Amino acid sequence: MLKHTMTIAGLQRDLPICPVNENLSIGAFVIFGDCELTSACAAELLKLAPEYDYLITAESKGIPLAFEMARQHGDAKWMLARKGPKLYMQNLFSVEVKSITTAAVQKLYLDGNDAEAMKGKRILIVDDVISTGESLRALEELVLKAGGEICGRMAILAEGDAQERTDLIYLEKLPLFNSKGEIIG
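Right, dumping it as structure tokens:
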């Protein structure tokens, strides 16, 4: 398998290059199970983070990052937009999202209790990678529906067009690749 080596938060990692279609491949960035990288990325993002009241991320790859950022910051709570409703969730709201790494349109759900806690609060949206911005858009919609004020958008990596966004704070650029594993953008 082709790999792309990069340094993220001072740590070197080899990212497998995975085909999205016959002309486009992406570097697979997965922080699951990598405690050292998760901790380092959280620390670096917190140095750049605006003042906030709560963090929110989307299930699932943003979970370790949001947890570690909240832990390091001393937050008592952070929010999670779920991919499916759970029995314990009340007064749900949902939005649709289409991600580059997921084949079908999905929904994100927010618990009504979290939505109530967000009202009038500064909400920092975090994720592992921002690419098309669809997951980010869905999170923004959930926060605004809940009455929260978006104070910032952060990711470990920005891929493709997300690298040009002026409203996004990120640590590194993740290139796009052709089918041969050559960088195309």
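Under the numbering used here, the first residue of the sequence shown carries the number 195, and numbering increases by one thereafter.
Note that CB positions come from ideal geometry on N, CA and C, so glycine has one too.
Remember, predicted model here, so these are calculated numbers, not experimental data.
> Whose C-beta lies closer than 8 Å to the C-beta of residue 245 among residues of the same chain, with five residues either side of it excluded?
Replying inline: 316, 345
> Helix, strand or coil for residue 244 per DSSP?
Replying inline: Coil, per DSSP.
> What is the rounded straight-line gap between the Cα of residue 213 and the Cα of residue 226?
Replying inline: Computed Cα separation, rounded: 20 Å.
>> Please identify the residue among 266, 238, 301, 305 whose C-alpha is closest to the C-alpha of residue 388.
In response: A query on residue 388 cannot be resolved here, the shown segment of the chain reaching from 195 to 379 and no further.
>> Distance check for residue 250 and residue 285, CA to CA, integer angstroms please.
In response: 18 Å
> Quick check: the stretch 323-334 against the stretch 358-376, are there 3 or more CB pairs under 8 Å?
Replying inline: yes
>> Assuming residue 311 is part of the alpha helix (DSSP H), what are its boundary residues?
In response: 306-312
>> Can you give me the C-alpha to C-alpha distance between residue 207 and residue 218, rounded to a whole angstrom?
In response: 21 Å
> In terms of residues, what are the limits of the beta strand (DSSP E) holding residue 324?
Replying inline: Taken as a continuous stretch (DSSP letters only), the beta strand (DSSP E) holding residue 324 covers 316-324.
>> For residue 378, which residues in the same chain have their Cβ closer than 7 Å to its Cβ, ignoring the five residues on either side in sequence?
In response: Contacts found: 370, 371, 372.
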